[in-house]
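Below is one structure; the comments refer to it alone.
In our numbering, the protein residues as written are 56 to 390.
The structure is reproduced here in structure tokens:
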């Protein structure tokens with residue numbers, strides 16, 4: 056994310072446009088200083104008992120328009136003094152969703168329970184409430200049991216959530232004077248400048264910024280084995296699976312490199328698409344992802360006796376046998 060000035064000189068107001076004492080701009084930056092002030096006297100604070108309603112002189116911009124950008128937009132829109140302007144650089148068609156949560160098959164689920172997927176800091180149930188509202192709106196009112204897979208909604212649904220939060224955040228910022236500008240270009244260079252930075256896009260456009268925040272995500276998988284080439288048969292990035300796996304012959308053998316969550320997504324997508332050929336998950340360690348589910352409180356009410364491996368007898372002198380001490384100390388139901 057990049058932060059850039061919008062060219063406006065906001066001043067402290069008392070109700071309807073009155074200026075602060077001395078008529079100088081008021082900034083809510085830390086220690087009362089704006090990043091544009093380099094060692095000079097900080098702007099005066101409003102008189103005691105009077106509330107400053109002006110926005111900071113400085114604005115913000117960002118690299119990337121995915122989930123990380125949505126988290127930041129949501130937080131900025133709820134600040135008492137949001138930035139005057141925010142510029143978001145996102146060249147792809149997956150605005151606000153990012154690569155992981157683009158529109159895809161419903162069998163591709165999020166990796167964590169919904170209670171752990173909130174984008175709002177300090178509000179862990181934000182996504183859960185959004186899901187509940189969505190179920191009410193669509194008529195899906197059934198209760199979700201502790202073992203229900205609906206606790207892990209499809210990634211595309213989480214992408215819908217990100218889009219919804221982003222749109223609401225942009226609207227809140229706009230209502231309070233903070234403008235969000237979207238640049239559909241890739242920023243390829245950032246250089247320090249007086250009071251901030253200058254960013255250059257792939258088309259040569261320059262953007263000034265007071266602050267730069269990187270929200271670039273994890274990127275695409277690396278072709279560490281050099282398998283990509285002119286010959287068909289290799290899929291370097293399986294997402295979206297609805298498109299990348301659609302051309303695989305259902306009778307062909309499929310080898311998946313790795314046994315992590317992406318491999319599980321591929322296997323689920325192939326199964327949902329009716330694939331009938333063998334599917335191999337190849338890994339040097341052979342460990343599948345841990346099961347992630349909601350914990351269930353359970354009180355033990357019944358105890359079933361079971362046999363425990365313990366030598367019932369052991370050999371003694373003269374070729375005779377006697378009951379072992381371990382077996383003798385076990386309860387009768389365990390021996």
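Even for Gly, the Cβ is constructed at its ideal location relative to N, Cα and C.
Just mark residue i as buried or exposed, buried being the case when its beta carbon has 16 or more other beta carbons within 10 Å.
{"i": "residue 128", "result": "buried"}
{"i": "residue 215", "result": "buried"}
{"i": "residue 280", "result": "exposed"}
{"i": "residue 235", "result": "buried"}
{"i": "residue 140", "result": "buried"}
{"i": "residue 330", "result": "buried"}
{"i": "residue 254", "result": "buried"}
{"i": "residue 309", "result": "buried"}
{"i": "residue 351", "result": "exposed"}
{"i": "residue 221", "result": "buried"}
{"i": "residue 160", "result": "buried"}
As a quick exercise: from the options, pick the residue whose alpha carbon is nearest that of residue i.
{"i": "residue 176", "options": "119, 134, 271, 241", "result": "134"}
{"i": "residue 392", "options": "146, 131, 290", "result": "The structure shown does not extend to residue 392, since the chain spans only 56 to 390, so no value can be given for it."}
{"i": "residue 327", "options": "301, 130, 316", "result": "301"}
{"i": "residue 188", "options": "219, 165, 159", "result": "219"}
{"i": "residue 292", "options": "132, 121, 154", "result": "154"}
{"i": "residue 265", "options": "274, 120, 142", "result": "142"}
{"i": "residue 295", "options": "356, 156, 329", "result": "156"}
{"i": "residue 315", "options": "248, 238, 276", "result": "276"}
{"i": "residue 333", "options": "183, 211, 322", "result": "322"}
{"i": "residue 228", "options": "124, 263, 138", "result": "138"}
{"i": "residue 125", "options": "180, 192, 224, 163", "result": "224"}
{"i": "residue 162", "options": "287, 311, 262, 211", "result": "211"}
{"i": "residue 345", "options": "158, 311, 319", "result": "319"}
{"i": "residue 122", "options": "288, 232, 151", "result": "151"}
{"i": "residue 206", "options": "233, 252, 180", "result": "180"}
{"i": "residue 246", "options": "263, 343, 130, 240", "result": "263"}
{"i": "residue 252", "options": "307, 268, 306, 237", "result": "268"}
Looking at the secondary structure, which residues open and close the alpha helix (DSSP H) in which residue i lies?
{"i": "residue 125", "result": "122-132"}
{"i": "residue 41", "result": "Any question about residue 41 goes unanswered here, given that the chain covers just 56 to 390."}
{"i": "residue 236", "result": "Unbroken run through residue 236 is the beta strand (DSSP E), 234-238; no alpha helix (DSSP H)."}
{"i": "residue 326", "result": "316-327"}
Could you tell me the boundaries of the beta strand (DSSP E) in which residue i lies?
{"i": "residue 140", "result": "140-144"}
{"i": "residue 258", "result": "Looking at the DSSP string, residue 258 is not in any beta strand (DSSP E), and its letter there is neither H nor E."}
{"i": "residue 266", "result": "266-269"}
{"i": "residue 310", "result": "309-312"}
Tell me which residues share the same chain as residue i and place their Cβ nearer than 8 Å to its Cβ, disregarding the 5 neighbours each side in the sequence.
{"i": "residue 313", "result": "336, 337, 338"}
{"i": "residue 213", "result": "156, 165, 172, 182"}
{"i": "residue 290", "result": "299, 300"}
Sorted by chain position, which residues of the same chain lie with C-beta nearer than 7 Å to residue i's C-beta, five sequence neighbours on each side aside?
{"i": "residue 274", "result": "none"}
{"i": "residue 243", "result": "255, 256, 257"}
Ordered along the chain, which non-local residues of its own chain (more than five positions away) have a Cβ less than 6 Å from that of residue i?
{"i": "residue 311", "result": "318, 321, 336"}
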